[in-house]
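Reminder that position 59 of the sequence shown reads as 59 in the UniProt record's numbering, one-by-one numbering, no gaps.
The beta carbon of each residue, even a glycine, is placed where N, CA and C say it ideally should be.
Notes follow once the structure below has been shown.
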Amino acid sequence: MSYEAISLTEAQEMLSVWKEAYRAIAISGQSYKLGTRQLNRADLSEVREQLDFWRNEVERMTAGTRRGPRVKRVVVRDL
């Protein structure tokens, strides 16, 4: 199985795609009927899992760019 590296931009795009899918399900429901045919959208729990995954990926990728306080350990020695 080969994995390709994903850029931050691609991860943000995927996050927005899954957000739109979640909104579509929330607004219009998971299934609808046309005559005798019934059409189903993706499972909401599956969409939620993908949304969480891409949100975590974006957070992980942007975590390296944030600058917080630097912590150093000092050992005091009495000579």
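Rounded C-alpha distance that separates residue i from residue j
i: V47; j: W18; result: 7 Å
i: A5; j: S16; result: 19 Å
i: Y22; j: N40; result: 14 Å
i: M1; j: E49; result: With a pLDDT of only 48 at M1, under the threshold of 50, the placement of this residue in the model should not be trusted; the figure read from the coordinates follows. Cα to Cα, the separation comes out at about 22 Å.
i: G35; j: L51; result: 32 Å
i: Q30; j: R70; result: 48 Å
i: R77; j: A63; result: 35 Å
Residues near residue i by beta carbon distance below 7 Å, same chain, minus five either side
i: A11; result: W54, E57, V58, M61
Cβ-based neighbour list, residue i, same chain, cut-off 6 Å, excluding 5 preceding and 5 following
i: L8; result: M61
i: M14; result: W54
Residue i - DSSP class collapsed to helix/strand/coil
i: R37; result: strand
i: S31; result: strand
i: V8; result: It is worth fixing the name first, because residue 8 is Leu in this sequence and not Val. L8: helix per DSSP, three-state reduction.
i: K19; result: helix
i: D52; result: helix
Cβ separation of residue i and residue j, assumed to be a contact under 8 Å, to the nearest whole Å
i: I25; j: L44; result: 5 Å
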